[in-house]
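J.:
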Amino acid sequence: MSVKRSSIHGQWSSRWAFILAATGSAVGLGNIWRFPYLTGENGGGAFVLVYLLCVVLVGIPIMMAEILLGRRGRQSPINTIRTIAAEEGLSRHWHLLGWMGVIAGFIILSYYSVIAGWTLAYIFRTGTGLFVDADAVYSKQIFTELISDPEKLLAWHTIFILMTIVIVSRGVKSGLEQAVKFLMPALFILLLVMVGYAMSTEKFMEGITYLFVPDFERLAEKNFFADIFLPALGQAFFSLSIGMGAIMIYGSYLSQKSSITFNCFTIAIADTTVAILAGIAIFPIVFTYGLEPAGGPGLIFVSLPIAFGQMPFGTFFGTLFFILLMFAAWTSAISLLEPAVTWLVENRNMTRVKATALAGLIAWSLGLVTVLSFNHWAFSFTFAGVMKENGLFDIFDILTSNILLPLGGLLLAIFTSWLMSKSSTVEELGLGDSRAYHAWRFAVRYIAPFGVIMIFLNAIGFFKLLGFN
Ligand code: PFF
């Protein structure tokens, strides 16, 4: 059955508009803030290797599945899944999967915005030359001062949510294209400058080895599923913006003619390159200045300013860096809000402006939990062999990246490859009944579900029950 729907929310002006917007969604704090600190917490090279495998074997196929669904349904993720399930003769309960994505989106945005607030704060801290000749102790002190002040965190969080609301309420297409077209390449170039600086530090090779050479001895001490695979897979979902409908809604604005496969590879390559560059820029600095790789969420905010304080034109580069990071976070935050907003417009008959204000308010309120997690409500616990110190923020992060997104991805994979008719997916992917199509189908049918199910079985202690470590 050939489906020709159009979205009431509009369409991208070209294939490149989609690629830019989706890359804008994918590239964000996940690449530059989260990837390095998780790599540091999880021991370096082995984590990076497993992460890359997760991107290729699980991430890209699931991203293709999401875009395929979005473009076929052309509505909010909840209604897209509902419509396709009805057309394919499947249970109407599948739309709950869309709801799970919306909930995950709210939780992620709630803390994402607080961290994006840190980048806003750091624009001014670097801009005023605060870090000139700073050492590690001083840099740490500045960071601790910021996160222990809930009022400051709340103010920056509020500003960032408002910025997000403004863009989403105008419709994600206007402005986004232009912003991403110039800012992404600028961020990329600036990361290269940072890599250049990292190369001049004493411990450059140590940083590179840490990042790219798996330490098998250390690996042997760890539980592979819980300590490496789970956080790596979670990071792949988080970084590629998959498993919650963000890429699906962007796919719903994509023209019928555009190649889903080409688009996905382009987005994933751009996303991964930025993360790896961030790693190369950061770890040599971490080692040179005697910082702890497992320093947690503060890692880049403590390490990079030291480098800016040392390098020529550091105040300029530092300020520019945090401005660009703020833009990268902004283009990601927009995509976190979009699925909920489109649903409110479709089902509650709200104007886009009202819908965005309401959704933004929900995310903002939830963000108060994260604001307090770094000070008054802070508590620590151990997860996947790592000491987490920021209570509910860490729980939100683990719940979304390591549970909700992979679970969403698993269900999406099952839905598209086991339940939808083959003819529908052949038609939508536009690869014909080719080898490429079969490779995709194999990945979403077997590899992605296998990976996610192994992790969940491990989490509930299944392998221990069988007598494995
Ligand atoms: N991919 C974004 C990043 O790496 O910063 C974060 C994100 C956006 C996660 C959208 C999930 C999502 F749906």
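Counting from 1, position 396 in the sequence shown corresponds to residue 395 in numbering that gives the first Met the number 0; the numbering is continuous, with no gaps.
Note that beta-carbon positions come from the ideal geometry of N, C-alpha and C, so glycine has one too.
(1) Would you give the residue range spanned by the alpha helix (DSSP H) that Met386 belongs to?
(2) Report the option in Arg347, Gly384 and Leu336 whose CA atom is closest to the CA atom of Trp363.
(3) In whole angstroms, what is the alpha-carbon distance linking Val443 and Glu144?
(4) Phe449 by DSSP, collapsed to three states: which one?
(5) Buried or exposed: Thr127, going by 16 or more other Cβ atoms within 10 Å of its Cβ?
(6) Count the other CB atoms, across all protein chains shown, that sit within 10 Å of the CB of Lys256; report buried if there are 16 or more and exposed otherwise.
(7) Exposed or buried, Phe378, counting other C-beta atoms within 10 Å across all chains shown (16 or more means buried)?
(8) What three-state label does DSSP hand Phe462 in the structure shown?
(9) Do the CB positions of Gly407 and Ala447 come within less than 8 Å of each other?
(10) For a test of your reading of the model: does the CB of Ser240 fall under 7 Å from any non-hydrogen atom of the ligand PFF? Yes or no.
(11) Would you say Phe392 touches the ligand PFF, meaning its beta carbon is less than 7 Å from a heavy atom?
(12) Beta-carbon separation of Gly450 and Met243 under 8 Å?
(13) In angstroms with no decimal places, state the Cα-to-Cα distance between Leu239 and Trp98.
(14) Across which residues does DSSP place Thr381 in a beta bridge pair?
(15) Please state if the CB of Asp396 and the CB of Val26 are separated by a distance shorter than 8 Å.
(16) With DSSP run on the structure shown, which of helix, strand or coil describes Ser258?
(17) Mind reading off the beta-carbon distance from Leu404 to Gly233? Whole number of angstroms is fine, and I expect it under 8 Å.
(18) Taking the alpha-carbon positions, what's the Gly9 to Thr22 distance?
(19) Alpha carbon to alpha carbon, how far is Tyr249 from Tyr137?
(20) Just how far apart, CA to CA, sit Ser400 and Phe307?
(21) Once DSSP output is grouped into helix, strand and coil, what is the label at Thr82?
(22) Taking buried to mean at least 16 other C-beta atoms within 10 Å of its own C-beta, is Gln309 buried or exposed?
(23) Helix, strand or coil for Ala373 per DSSP?
(24) Can you tell me which of the three DSSP states Asn348 falls into?
(25) Counting only runs that start and end within the segment 258-323, where is the alpha helix (DSSP H) found for 4 or more residues in a row?
(26) By the three-class DSSP mapping on this structure, what secondary structure does Asn222 have?
(27) Starting from the Cα of Asn78, find the closest Cα among Ser251, Ala115 and Trp15 and give me that residue.
(28) Check whether the Cβ of Phe326 lies closer than 7 Å to any heavy atom of the ligand PFF, and answer yes or no.
(29) Asp396 by DSSP, collapsed to three states: which one?
(30) Can Lys139 and Val301 be called in contact, C-beta distance under 8 Å?
(31) Expressed to the nearest angstrom, what Euclidean distance is found between the alpha-carbon atoms of Phe34 and Val273?
(32) Could you check if Leu232 belongs to the surroundings of the ligand PFF, using beta carbon to heavy atom distance under 7 Å?
(33) Ala358 by DSSP, collapsed to three states: which one?
(34) To which residues of the same chain is Gly42 closer than 7 Å at the C-beta, ignoring the five residues directly before and after it?
(35) What's the call for Ile83, buried or exposed, on a 16-neighbour Cβ count within 10 Å?
(36) Shorter than 7 Å, the distance from the beta carbon of Phe142 to the closest heavy atom of the ligand PFF, or not?
T.: Working from what's here:
(1) For this step, residue 386 is matched to residue 387 along the sequence shown. Run containing Met386: none in the alpha helix (DSSP H); it sits in the beta strand (DSSP E), Val385 to Lys387.
(2) As a working note, residue 363 is residue 364 in the sequence shown. For Trp363, the nearest C-alpha among the options comes from Leu336.
(3) On the sequence shown, position 444 is the one that residue 443 refers to. On the sequence shown, position 145 is the one that residue 144 refers to. Near 46 Å, if we compare the C-alpha coordinates of Glu144 and Val443.
(4) Taking the sequence shown and counting its residues from 1, one reaches residue 449 at position 450. Helix.
(5) By 1-based counting over the sequence shown, the position of residue 127 is 128. Burial call: exposed.
(6) Position 257 of the sequence shown, counting from 1, holds the residue named residue 256. Flag for Lys256 reads exposed.
(7) On the sequence shown, position 379 is the one that residue 378 refers to. Looking at its Cβ environment, which holds fewer than 16 other Cβ atoms inside 10 Å, Phe378 is exposed.
(8) By one-based count along the sequence shown, residue 462 stands at place 463. Phe462: helix per DSSP, three-state reduction.
(9) Counting from one through the sequence shown, the residue named residue 407 turns up at place 408. Counting from one through the sequence shown, the residue named residue 447 turns up at place 448. The answer is no: Cβ separation not under 8 Å.
(10) Reading the sequence shown from its first residue, position 241 is the one you call residue 240. Answer for Ser240: yes, Cβ within range of the ligand PFF.
(11) The residue labelled residue 392 in the question sits at position 393 within the sequence shown. It does not: the Cβ of Phe392 is nowhere closer than 7 Å to a heavy atom of the ligand PFF.
(12) On the sequence shown, position 451 is the one that residue 450 refers to. On the sequence shown, position 244 is the one that residue 243 refers to. Going by C-beta atoms, Gly450 is not nearer than 8 Å to Met243.
(13) Residue 239 sits at position 240 when you count from the first residue of the sequence shown. Residue 98 sits at position 99 when you count from the first residue of the sequence shown. Going from the Cα of Leu239 to the Cα of Trp98 covers about 19 Å.
(14) Position 382 of the sequence shown, counted from the first residue, corresponds to residue 381. For Thr381, which the question treats as bridged, DSSP gives the partners Met386.
(15) The sequence position of residue 26 within the sequence shown is 27, counting from 1. The sequence position of residue 396 within the sequence shown is 397, counting from 1. Not in contact: Val26 and Asp396 (Cβ atoms no closer than 8 Å).
(16) The residue given as residue 258 occupies position 259 in the sequence shown. Coil.
(17) The count along the sequence shown starts at 1 and reaches residue 404 at position 405. The count along the sequence shown starts at 1 and reaches residue 233 at position 234. So it is a contact: roughly 7 Å between Cβ atoms.
(18) Within the sequence shown, residue 9 is the residue found at index 10, counting from 1. Within the sequence shown, residue 22 is the residue found at index 23, counting from 1. C-alpha separation (whole angstroms): 19 Å.
(19) Counting from 1 along the sequence shown, the entry for residue 249 is found at position 250. Counting from 1 along the sequence shown, the entry for residue 137 is found at position 138. Taking the straight line from one Cα to the other gives about 43 Å.
(20) The sequence position of residue 400 within the sequence shown is 401, counting from 1. The sequence position of residue 307 within the sequence shown is 308, counting from 1. Using only the alpha carbons, I get a separation of about 31 Å.
(21) Reading the sequence shown from its first residue, position 83 is the one you call residue 82. Helix.
(22) Counting from one through the sequence shown, the residue named residue 309 turns up at place 310. Buried.
(23) Position 374 of the sequence shown, counting from 1, holds the residue named residue 373. Contrary to the premise, residue 373 reads as Phe rather than Ala in this sequence. Of the three classes helix, strand and coil, the one that applies to Phe373 here is coil, per DSSP.
(24) Position 349 of the sequence shown, counted from the first residue, corresponds to residue 348. In the structure shown, Asn348 sits in coil (DSSP, three-state: anything other than H, G, I, E or B).
(25) 259-287 and 298-309
(26) Your numbering for residue 222 matches position 223 in the sequence shown. Three-state result, Asn222: coil.
(27) Position 79 of the sequence shown, counted from the start, is the residue given in the question as residue 78. If we check each option's Cα against that of Asn78, Ser251 comes out closest.
(28) As a first step, residue 326 is located in the sequence shown; it is residue number 327 there, counting from the start. No, the ligand PFF has no heavy atom inside 7 Å of this Cβ.
(29) Sequence index remark: in the sequence shown, residue 396 carries index 397 (1-based). Asp396 falls in the helix class under three-state DSSP.
(30) The residue you call residue 139 lines up with position 140 of the sequence shown. The residue you call residue 301 lines up with position 302 of the sequence shown. In contact: Lys139 and Val301 (Cβ atoms closer than 8 Å).
(31) Working through the sequence shown from its first residue, we reach residue 34 at position 35. Working through the sequence shown from its first residue, we reach residue 273 at position 274. Those two C-alpha atoms are separated by around 10 Å.
(32) Working through the sequence shown from its first residue, we reach residue 232 at position 233. Result no, Cβ not under 7 Å from the ligand PFF.
(33) Residue 358 sits at position 359 when you count from the first residue of the sequence shown. Note: Ala358 maps to helix in three-state DSSP.
(34) On the sequence shown, residue 42 is found 43 positions in, with the first residue counted as 1. Cβ within range, chain order: Asp214 and Arg217.
(35) Sequence index remark: in the sequence shown, residue 83 carries index 84 (1-based). Looking at its Cβ environment, which holds 16 or more other Cβ atoms inside 10 Å, Ile83 is buried.
(36) If you number the sequence shown from 1, residue 142 lands on position 143. No, the beta carbon of Phe142 sits no closer than 7 Å to any heavy atom of the ligand PFF.
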